[in-house]
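**Q** Chains as they are written, first to last, in my numbering: chain A, 188 to 471; chain B, 3 to 268.
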Amino acid sequence: MSTLVKCAARTLLVVIIAGFLGATLVRLAPGYGVAEEELDARLNADSVQALRDAHRDRGTIFSFYLRVAQRMLHGDLGFSDAMQEPVRQLIAERFPETLKSVGFGLSLGWAIGLSLAILSVTARSAAVDVGTGLLATLALCTPAAVLALLCVLAQAPGRIVIAATIFPKVFQYGRNLLLKNAALPHVLSAHARGLGRSRIFLRHTVPLAAPQLLAVAGVTVGIAFTTAIPVEALCDMPGIGQLAWKAALARDLELLVILTMIVATVTLVANSTAELLGKAAAHR
Amino acid sequence: MKRARLLAVVFLGLVTVSSVLASVLAPAHYSHQFRDDPDAACSWHHPLGTDDLGRDRFSRLLYGTRVSLFLAPAAALISTILAALIGGIAVFSNKWAEQAVMSVTDLFLSLPWLFLVITIRALLPLNVAPLTSVIITFALLGSLGWAGAARVVCADTRRLCESDFMLHARASGFTGFRLLWRHLLPNLRPVLLAQFWISIPVFILSETNLSILGLGVAEPLPSWGSLLRELEGFSLLSARPWQFASLILLVATVSCFHVAMQSEEA
């Protein structure tokens with residue numbers, strides 16, 4: 188219970204600090220409080236001054252934080268100048284698409300990565316070892332954006348790029364972990380006593396690897412969200428990755444900071460859940 | 003394994019030398035336009051053809067390699083120095099300061115990398131001179147990529163500080179800077195070097211992702227990322243496989259870094 192409270196408190200603290208830093212970025216960004224309409228040559232000096240007065244933030248930086256926090260607590264995430272829509276609506280429309288992509292990518296990536304790791308450890312064949320290793324290295328060395336472009340060319344679903352970035356990490360970590368566990372004294376002793384290979388693997392090698400693999404699961408959530416940016420931007424998928432890219436190009440910092448905070452919160456919750464599950468698995 | 007490492011190192015050496023000699027080996031300057039020859043196929047004059055603006059692809063690849071291959075280590079150096087400083091501060095300060103530093107490190111580690119990079123990149127002007135855009139991109143990568151390395155450096159520094167030889171050095175009267183310079187840093191060097199080498203392929207791939215998204219190195223300066231943007235307009239019908247030359251070189255180079263590092267670990 189205390190671990191759960193600690194994880195929740197840590198997540199909350201990190202979100203508050205991230206929000207504070209994000210608000211500072213927005214407030215101190217060049218061009219903050221300047222309306223684009225000011226560039227309109229048809230406006231006279233009085234109109235420009237009126238626009239400036241309307242957009243100028245008269246308070247201190249602390250009153251700015253307070254206003255942002257109050258607004259957020261009331262569920263108002265602001266208005267995106269670049270997309271001309273409320274941020275809350277944009278996120279509500281696009282987040283499910285990203286969740287689908289990330290969920291698919293994570294499931295497929297883990298399935299391929301773990302299968303290849305198990306194959307590489309159990310097959311005991313140099314050819315399998317080299318083949319799986321090469322495949323993982325190739326995926327690890329190709330940028331996600333290039334994989335997304337290749338998916339567009341091949342008319343393949345962009346979501347598989349997320350799987351392609353997840354599987355080499357799962358494979359490498361899983362393989363090393365399983366190899367290490369297979370060399371433990373009690374596993375060697377089980378071999379010496381004549382127990383079946385599959386029984387030893389399932390009963391002794393895999394359960395030992397579970398807590399560490401769960402910890403990696405949390406990390407891969409962050410990687411999947413990061414990969415969603417080039418994938419959604421280049422494969423034209425309307426998710427928050429594409430939204431973040433458009434916001435970056437349009438310098439819509441307010442939207443970007445909120446997106447980063449949301450993704451950071453999801454990543455932190457995933458990491459904390461993985462940590463708790465890992466601890467529970469280790470206790471067993 | 004030794005042979006694979008040797009091959010990887012030789013390949014990296016060759017790529018580095020050819021990029022250093024770009025001004026000698028390249029048939030033209032990276033921004034020179036052959037206006038009569040846009041989108042040309044491979045020929046003696048243009049070994050990898052020309053792009054849609056008539057610029058020689060081979061020359062751009064050589065100059066782009068120079069940009070990516072020289073600035074990624076510079077970014078890796080920045081991040082390693084930051085990691086050493088932050089990791090060192092965490093170990094040598096009091097417990098509260100250590101916890102604060104480690105919390106900041108955790109915060110950086112939990113923020114999704116590319117979201118953070120594009121947020122900070124958006125804060126800076128996008129319409130800057132090409133050279134400034136290169137410096138901004140790699141400086142940004144270097145200054146945001148220290149967190150993972152800092153955790154490793156911190157753990158290793160703590161381990162070294164508690165080791166017998168450090169205890170012996172302290173008992174022999176070594177303190178402060180002398181202890182740090184003569185005993186700690188030489189033993190920390192392998193960890194710092196490993197972090198430096200690990201960061202290089204990470205920064206090369208990050209720059210590529212950023213440039214393909216239009217948030218990295220600005221035209222007309224080439225980098226591996228900006229060269230790969232060309233693939234957006236690639237058509238299977240046009241059948242111009244030489245457009246993939248920059249992708250092959252990038253994957254081969256990053257793979258060589260991995261092979262060299264794996265062998266080092268082995």
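Virtual Cβ for every residue (Gly too), placed ideally from N, Cα, C.
If I measure Cβ to Cβ from Cys194 of chain A and keep anything under 6 Å in the same chain, skipping five residues before and after, which residues do I get?
**A** So the qualifying residues of the chain are Ser459.
**Q** Rank A:Arg362, A:Ile203, A:Ile278 by C-alpha distance to the C-alpha of Thr309 of chain A and give the top, closest one.
**A** A:Arg362
**Q** Give me whichever residues DSSP pairs with Ser267 of chain A in a beta bridge.
**A** A:Glu272
**Q** Round the Cβ separation of Leu208 of chain A and Ala124 of chain B to the nearest angstrom and send it over; I've been treating them as touching at under 8 Å.
**A** The pair is not a contact, with the Cβ atoms about 15 Å apart (cut-off 8 Å).
**Q** Check the Cβ of Ile214 of chain B against every Cβ in chain A and list those closer than 8 Å, keeping chain order.
**A** Pro330, Ala332, Val333, Leu336, Pro417, Leu421
**Q** When burial is assigned at 16 or more other CB atoms within 10 Å of the CB, is Ser201 of chain B buried or exposed?
**A** buried
**Q** Is there a C-beta anywhere in chain A that falls below 8 Å from the one on Thr159 of chain B?
**A** no
**Q** Val201 of chain A and Ser112 of chain B look like a contact to me (Cβ under 8 Å); what is the Cβ gap, rounded to whole Å?
**A** 6 Å
**Q** Could you confirm whether any beta carbon from chain B is found closer than 8 Å to the beta carbon of Thr454 of chain A?
**A** yes
**Q** How many Å lie between Ala92 of chain B and Arg160 of chain B at the Cα?
**A** 9 Å
**Q** Is it buried or exposed, Glu164 of chain B, if we count other Cβ atoms within 10 angstroms and call 16 or more buried?
**A** exposed
**Q** Spatial neighbours of Val453 of chain A within its chain, please: C-beta separation below 6 Å, excluding the five flanking residues on both sides.
**A** Correct list: empty, nothing qualifies.
**Q** Cutting at 6 Å between CB atoms, please list the residues of its own chain near Ala149 of chain B, excluding the five before and the five after it.
**A** Result list for Ala149 of chain B: Thr107, Phe110, Leu111, in chain order.
**Q** Hey, would you say Leu365 of chain A sits closer than 8 Å to Ala468 of chain A, going by beta carbons?
**A** Against a cut-off of 8 Å, the Cβ pair of Ala468 of chain A and Leu365 of chain A comes out as no contact.
**Q** Using the DSSP secondary-structure output, state which residues sit across from Asp58 of chain B in a beta bridge.
**A** Per the DSSP secondary-structure output, Asp58 of chain B pairs in a beta bridge with B:Thr52.
**Q** Where does Gln264 of chain B fall in DSSP's three states?
**A** helix
**Q** Would you report the Cα separation of Leu293 of chain A and Ala304 of chain A, rounded to the nearest angstrom?
**A** 16 Å
**Q** Return the CA-CA distance between Leu286 of chain A and Val193 of chain B, expressed in angstroms with no decimal places.
**A** 37 Å
**Q** Taking only the alpha-carbon atoms, compute the straight-line gap between Ile427 of chain A and Leu375 of chain A and give it to the nearest angstrom.
**A** 49 Å
**Q** Helix, strand or coil, according to DSSP, for Gln35 of chain B in the structure here?
**A** strand
**Q** Taking the alpha helix (DSSP H) that Met448 of chain A belongs to, which residues open and close that run?
**A** 440-470
**Q** In chain order, what residues of the same chain have a beta carbon less than 7 Å from the beta carbon of Ile120 of chain B, not counting five sequence neighbours either side?
**A** Excluding sequence positions up to five before and after Ile120 of chain B, its CB lies within less than 7 Å of the CB of Leu217, all in the same chain and listed in chain order.
**Q** Can you tell which of B:Gly144, B:Ala28, B:Ala220, B:Ala247 has its C-alpha closest to the C-alpha of Ala131 of chain B?
**A** Selected option, being the one with the closest Cα: B:Ala220.
**Q** How about the region 312-325 of chain A and the region 369-385 of chain A: do they share at least three Cβ pairs that are nearer than 8 Å?
**A** No contact exists between the region 312-325 of chain A and the region 369-385 of chain A.
**Q** Determine the chain B residues that contact Gly409 of chain A at a beta-carbon separation under 9 Å, and present them in chain order.
**A** Leu111, Ser112, Leu113, Pro114, Trp115
**Q** Is the distance from the Cβ of Arg57 of chain B to the Cβ of Tyr32 of chain B below 8 Å?
**A** Result yes, Cβ atoms of Arg57 of chain B and Tyr32 of chain B sit closer than 8 Å.
**Q** Closest Cβ-Cβ distance between Phe13 of chain B and chain A: below 8 Å?
**A** no
**Q** Closer than 8 Å, Cβ to any Cβ of chain B: which residues of the region 340-365 of chain A, in chain order?
**A** Leu340
**Q** Excluding sequence positions up to five away, which residues of its chain have a Cβ less than 8 Å from the Cβ of Asp38 of chain B?
**A** Gly56
**Q** From the DSSP output, in three-state form, read off Thr352 of chain A for me.
**A** If DSSP states are grouped into helix, strand and coil, Thr352 of chain A belongs with the helices.
**Q** Consider the Cβ of Ser228 of chain B: report whether some Cβ of chain A lies at a distance smaller than 8 Å.
**A** no
**Q** Below 8 Å, how does it come out for the region 12-22 of chain B and the region 66-84 of chain B: are there three or more Cβ pairs, yes or no?
**A** yes
**Q** Along chain A, in chain order, which residues have C-beta atoms closer than 9 Å to that of Glu234 of chain B?
**A** Leu336, Val339, Leu421
**Q** So which residues of chain A does His47 of chain B contact, with C-beta pairs closer than 7 Å?
**A** Those within 7 Å of His47 of chain B in chain A number zero; the least Cβ separation is about 28 Å.
**Q** Applying the 10 Å Cβ sphere with the 16-neighbour rule, what's the burial state of Glu234 of chain B?
**A** When all chains shown are included, Glu234 of chain B counts as exposed.
**Q** Measuring only the C-alpha atoms, how far is Thr392 of chain A from Arg7 of chain B?
**A** 31 Å
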